[in-house]
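Visitor:
Residue numbers (our numbering): 10 to 196.
1) Can you give the Cα-Cα distance for residue 184 and residue 175, rounded to whole angstroms?
2) Rank 82, 30, 92, 124 by C-alpha distance to the C-alpha of residue 71 and give the top, closest one.
3) Using CA atoms only, rank isn't needed, just tell me which of 94, 128, 132, 67 is closest to residue 104.
4) Taking residue 32 and residue 90 to be in contact with their CB atoms under 8 Å, please state how far apart those CB atoms are, rounded to whole angstroms.
5) Using a Cβ-Cβ cutoff of less than 7 Å, which residues in the same chain neighbour residue 157 once the five nearest sequence positions on both sides are dropped?
6) Taking 8 Å as the limit between beta carbons, can you name the residues of its chain near residue 44, skipping five residues before and five after?
7) Short check: CB of residue 56 to CB of residue 73, under 8 Å?
8) Grouping DSSP H, G and I as helix and E and B as strand, with all else coil, what is residue 102?
9) Taking the straight line between their C-alpha atoms, what separation do you get for residue 132 and residue 126?
10) Going by beta carbon distance, what residues of the same chain come within less than 6 Å of residue 166, once the five residues before and after it are set aside?
11) DSSP on residue 143, reduced to helix/strand/coil?
12) Within a Cβ cutoff of 6 Å, which residues of the same chain sit near residue 179, ignoring the five residues on either side of it in sequence?
13) Just to confirm, is the Cβ distance from residue 164 to residue 186 under 8 Å?
14) Report buried or exposed for residue 65, applying the criterion of at least 16 other Cβ atoms within 10 angstroms of its Cβ.
15) Using the beta-carbon count (16 or more within 10 Å), is residue 173 buried or exposed?
16) Hey, could you find the ends of the beta strand (DSSP E) residue 136 is sitting in?
17) Can you tell me whether residue 40 is buried or exposed, with buried defined as 16 or more other CB within 10 angstroms of its CB?
As structure tokens, this is what we get:
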């Protein structure tokens, strides 16, 4: 009898165990609290400090992997391994915009996070939340070139403000380089 109770308890706990699926599995039909794990180590290549120069500006990216980050999709909670990018844009040693020391706990403005990888991790798509009034919100694609370089493509979806809900006294400049095939080198 004790064995049957033990098996029932074990079965009950195993049914409530967290489901772990590969990173790019669709969240469409999975149970809440599923963990989308980087089982193939696709994100590790992108971590570290990277630099590029574009139109007299130096762009520095600090990319870290967040393990088991909490996310919400389809009004459900999930967990996902993802890249989180902090950046700094300088011109003539003057900082134009920097998130290197920004705490994104309560403010998602200017945040850059990975959404998915493609081609066995040879490409990763990131979502940029945009700046004030979400100006600049869009996608960034990073593609591996070599062991120390990747190309950057940034595609903003919104580049203007509306005069009704966006106050006129804010900076609406998009400082991230709006271009394709910009080469970043690992530092």
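We treat Cβ as the ideally placed atom computed from N, Cα and C, and that holds for glycine.
These numbers come from a predicted model, not from an experiment.
Guide: On the basis of the supplied data:
1) Going by the C-alpha atoms only, they are around 18 Å apart.
2) Residue 92 is the option with its Cα nearest to residue 71.
3) Taking residue 104 as reference, the option from 94, 128, 132, 67 with the minimal CA-CA separation is 67.
4) With 8 Å as the limit, residue 32 and residue 90 qualify as a contact, their Cβ atoms being about 6 Å apart.
5) Setting aside the 5 residues that flank it on each side, residue 157 is surrounded in the same chain by 194, 195, each with a C-beta closer than 7 Å to its C-beta; the list follows chain order.
6) Correct list, in chain order: 27, 28, 29, 30, 77, 87, 88, 89.
7) Taking a C-beta distance under 8 Å as the contact criterion, residue 56 and residue 73 qualify as a contact pair.
8) Residue state, collapsed to three classes: coil.
9) About 6 Å.
10) In the same chain as residue 166, and ignoring 5 residues on each side of it, the C-beta atoms closer than 6 Å to its own belong to 146, 147, in chain order.
11) Reduced to three states, the DSSP call for residue 143 is helix.
12) Same-chain partners within the cutoff: 141.
13) No, Cβ-Cβ distance for residue 164 and residue 186 is not below 8 Å.
14) With fewer than 16 other Cβ atoms within 10 Å, it is exposed.
15) Counting Cβ neighbours within 10 Å, residue 173 comes out exposed, since fewer than 16 surround it.
16) Taken as a continuous stretch (DSSP letters only), the beta strand (DSSP E) holding residue 136 covers 132-137.
17) Looking at its Cβ environment, which holds fewer than 16 other Cβ atoms inside 10 Å, residue 40 is exposed.
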